[in-house]
Amino acid sequence: MVQNLIVAGTLSLAALPLAACQSDAQQAPMGAAPGLPGLCREDAAEELSGKGRIADAAAQQATGATIVRQIRPGQGVTMDYRRERVTIETDPKTGRIIRAYCG
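For what it's worth, the working numbering labels the leading residue of the sequence shown as 492, then goes sequentially.
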């Protein structure tokens, strides 16, 4: 009987850190966060595609991002995901935005 209580208590304590990790993952979702200032809104970033070249300040205002990365097609970039950054790929010949995305 005592041994069963010890095993049950040990299993409960072992599961506690796992439950804490799960809670954090649910509270911090990736991608769009319209209610949080400084984080890029994916839907707003996607709306920039097909439009003309945009200044950094205008991109920040449109997407909520605090960091703007302007790139050319095929340009190498870091692959780190930054929730507060919008990356805008613009065709240098036409000045049109090919793709815009958060991260």
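Each residue gets a CB set at the ideal place from its N, CA and C atoms; glycine is no exception.
Write down the C-beta distance between residue i and residue j rounded to the nearest angstrom, noting that I regard them as a contact closer than 8 Å.
i: arginine 544; j: threonine 578; result: Wrong, their Cβ atoms sit about 14 Å apart, outside the cutoff.
i: alanine 550; j: valine 559; result: 5 Å
i: leucine 539; j: alanine 591; result: 4 Å
Determine the direct distance from the alpha carbon of residue j to that of residue i, and round the result to whole angstroms.
i: glutamate 575; j: glutamine 561; result: 14 Å
i: alanine 523; j: lysine 584; result: In this prediction, alanine 523 has a pLDDT of 43, which is less than 50 and means its spatial position is unreliable; nothing more can be read from the coordinates.
i: isoleucine 588; j: glycine 567; result: 17 Å
i: glycine 565; j: glycine 594; result: 17 Å
i: alanine 556; j: arginine 563; result: 19 Å
i: alanine 470; j: threonine 569; result: Here the chain has residues from 492 to 594 only, and residue 470 is not among them.
i: proline 528; j: glutamate 537; result: 18 Å
i: methionine 521; j: aspartate 547; result: Summary for methionine 521: the model assigns pLDDT 46, below 50, so the residue's position carries little reliability, and this model does not support an answer.
So what's residue i in DSSP terms, helix, strand or just coil?
i: threonine 578; result: strand
i: alanine 546; result: coil
i: alanine 591; result: strand
i: glutamine 566; result: coil
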